[in-house]
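Down below is the structure, laid out as structure tokens.
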Amino acid sequence: MSSTASLPSEFKGLGLQDIPRSCLSMVLGKSKGDWSNLPAELLDAILRQVFLLPDYIRFGAVCKSWRSIMVDQKPQRIASIHKQPPMLLIAKQHDYFHNAPNSISFKLYSIVEDKVYDPKIHVPCFPSCIDFSSSHGWLILFVGFYGWLKLVNPFTRKMMKIPCNKSCDFTKVILSCDPTTYPNDFVLAAVSGVACGSLSQILAFIKVGEKSWTFLANPKFPRDEIRDLIFHQGLFYVLLERNQLVAIDYKGDGLATIVEILPECTTLRQPDLFDGRFHKGSRKLSTGRYLANASNGDLLFFERIRRVSKKNRNKVSWIFDVYKLSEQASRWVDITELENNDSIFWAMHPDTGNCISVVSVPYHSNPNSIFVTHRLGQKRKQEDLLMLGSQESIGVFSMKDETFLSDLQTDFNGDVIVWITPTLQ
1 MSSTASLPSE FKGLGLQDIP RSCLSMVLGK SKGDWSNLPA ELLDAILRQV FLLPDYIRFG
61 AVCKSWRSIM VDQKPQRIAS IHKQPPMLLI AKQHDYFHNA PNSISFKLYS IVEDKVYDPK
121 IHVPCFPSCI DFSSSHGWLI LFVGFYGWLK LVNPFTRKMM KIPCNKSCDF TKVILSCDPT
181 TYPNDFVLAA VSGVACGSLS QILAFIKVGE KSWTFLANPK FPRDEIRDLI FHQGLFYVLL
241 ERNQLVAIDY KGDGLATIVE ILPECTTLRQ PDLFDGRFHK GSRKLSTGRY LANASNGDLL
301 FFERIRRVSK KNRNKVSWIF DVYKLSEQAS RWVDITELEN NDSIFWAMHP DTGNCISVVS
361 VPYHSNPNSI FVTHRLGQKR KQEDLLMLGS QESIGVFSMK DETFLSDLQT DFNGDVIVWI
421 TPTLQ
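In terms of the UniProt record's numbering, the sequence shown opens at residue 1 and continues consecutively.
Take a look at the structure:
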């Protein structure tokens, strides 16, 4: 019999098999009334096995002694919060755009637990908000049509105003790091649409404390050729149309420097060629290309593929191709599974996809998956429903089987939803 077989019910499912037997003997020797007097060494060992943030919070709610241990571990938990599976931030579309004069109440949906929480999250309402995304646990609100941005932490209601930019409209904005953890050292980077009659897209950067944006327009960024933007190991990486990567360094002071340009990749499957993996008589078409950070430090590139039957053009199916960057050979390498049983969390968007994180999903039956959802209550097209595999708002694509799974029953149709990583402060 395992050492955890006779554990009290309070400790079931907390993954205590890794706790030293000396600590377990303390647990088994306690009566129910003694839980508040457990040794700090034991409580610390227990808490280190608690992975999910809701369980972490429940641990601290048991009693004062348990909460004191939680507070002691809080700095380490904050530092590793990016390893948490993201949750869905949910609000009714009508409420978000029409109803609340001051703030909007959001709920959270946990993929791991298949459960909706109502933690009374309130986000200030901006009637002219036209879009939002999330990065490092913060919402990035696009307010108005003239480059106005606001950062809102929905868990603490902290808000930061970002100097506006009226010269061009932003289509994607990301943070270099968590403003809570690094309040004096974070950078916003943005991709703008074509501005001021220019034939090039523009990248824009601003560091906390600066009063104006720094723009980088370059012939390397022709019209509509920027596919995605990500912060990876201290640099901003831009993905171009031909799968070329441009690395950019921005530390502030109005100076953005292109430090590296990786060559075009010729090893990717071409978007209009037939592939042996597909049924005969079908063609694959690339419909989106995106970047992601893997938990092991790799830079990932994934491509959304639509398969269309040549005999029946209404017969459409979807897959994702995933690659990692081989920095030694400066090329993309095709992969069929993610390391550490990671999964990709990605939201469809009419302009640019929003990949929040690539993390391991504990207790989930389908590792190496891509979790796909819609953003901002978009009116779903028939082809998007086909991609999700059903009428659900969340699709789970299995990289192993190259099929969409239908194991999530929750439907948020018509809701404003976005992936977000929950934070503690």
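Don't be surprised by glycine CBs; every beta carbon is placed ideally from N, CA and C.
Per DSSP, reduced to three states, the secondary structure at methionine 399 is coil, with no helix or strand assignment.
Around the beta-carbon of asparagine 184, fewer than 16 other beta-carbon atoms lie within 10 Å, marking it exposed.
Annotation for arginine 58: the continuous alpha helix (DSSP H) segment containing it runs 53-60.
In the DSSP assignment, alanine 45 falls within the alpha helix (DSSP H) that extends over 40-47. Taken through DSSP and simplified to helix, strand or coil, glutamine 328 comes out as coil. Contact check for serine 369 against lysine 83 fails: the beta carbons are separated by 8 Å or more.
Its chain contains Met87 as the residues whose beta carbon lies nearer than 6 Å to that of serine 110, once the 5 sequence neighbours on both sides are disregarded; these appear in chain order. At least 8 Å separates the beta-carbon of phenylalanine 205 from that of alanine 217. Out of Pro85, Ser36, Gln49, Lys158, the CA that lies nearest to the CA of serine 68 is found in Ser36.
Of the candidates Arg242, Ala256, Tyr250, the residue whose Cα lies closest to the Cα of leucine 262 is Arg242. Closest option to valine 71, judged by alpha-carbon separation, among Pro85, Arg227, Arg48, Ala91: Arg48.
Per DSSP, reduced to three states, the secondary structure at aspartate 118 is strand. For aspartate 178, DSSP assigns no beta-bridge partner whatsoever.
Less than 8 Å separates the beta-carbon of lysine 400 from that of glutamate 337.
Short of 7 Å from the beta carbon of proline 119, and not among the five residues preceding or following it, lie these beta carbons of its own chain, in chain order: Leu108. A Cβ-Cβ distance of about 7 Å is found for the pair valine 191 and phenylalanine 170, placing them in contact under the 8 Å criterion. Glycine 288 has Arg304 as its beta-bridge partners, per DSSP.
Burial state of arginine 157 is exposed, judged by a 10 Å Cβ sphere holding fewer than 16 other Cβ atoms. Taking a C-beta distance under 8 Å as the contact criterion, leucine 229 and lysine 172 qualify as a contact pair. About 6 Å separates the beta carbons of leucine 52 and valine 112, which is inside the 8 Å limit, making them a contact pair. For tryptophan 35, no beta strand (DSSP E) encloses it, and the DSSP letter there is neither H nor E. With fewer than 16 other CB atoms across the displayed protein chains lying within 10 angstroms of its CB, proline 163 is exposed. Scanning its chain for C-beta atoms nearer than 8 Å, with the 5 sequence neighbours on each side dropped, one finds around aspartate 298 the residues Lys324, Leu325, Glu339, in chain order.
Boundaries of the beta strand (DSSP E) around serine 192: 187-192.
If you look at glutamate 339, you'll find it isn't in any beta strand (DSSP E); DSSP assigns it neither H nor E. Sixteen is the threshold: since fewer than 16 other Cβ atoms of the shown chains lie within 10 Å of the Cβ of threonine 287, the residue is exposed. Taking the C-beta atoms as reference points, isoleucine 335 is found no nearer than 8 Å to valine 358. Of the residues assessed, lysine 150 falls on the buried side of the cut-off, its CB having 16 or more other CB atoms within 10 angstroms. Per DSSP, the unbroken beta strand (DSSP E) holding glutamate 260 starts and ends at 256-262. In the structure shown, glutamine 233 falls within a coil segment according to DSSP collapsed to helix, strand and coil. Between histidine 136 and threonine 421, the CB-CB gap stays under 8 Å. Beta-bridge analysis with DSSP links phenylalanine 205 to Ala189, Thr214. In the three-state DSSP reduction, aspartate 72 falls in the helix class (H, G or I).
Straight through space, the alpha carbons of tyrosine 56 and glutamine 73 are spaced by roughly 10 Å. One thing to note: arginine 289 has its Cβ within 8 Å of the Cβ of arginine 227.
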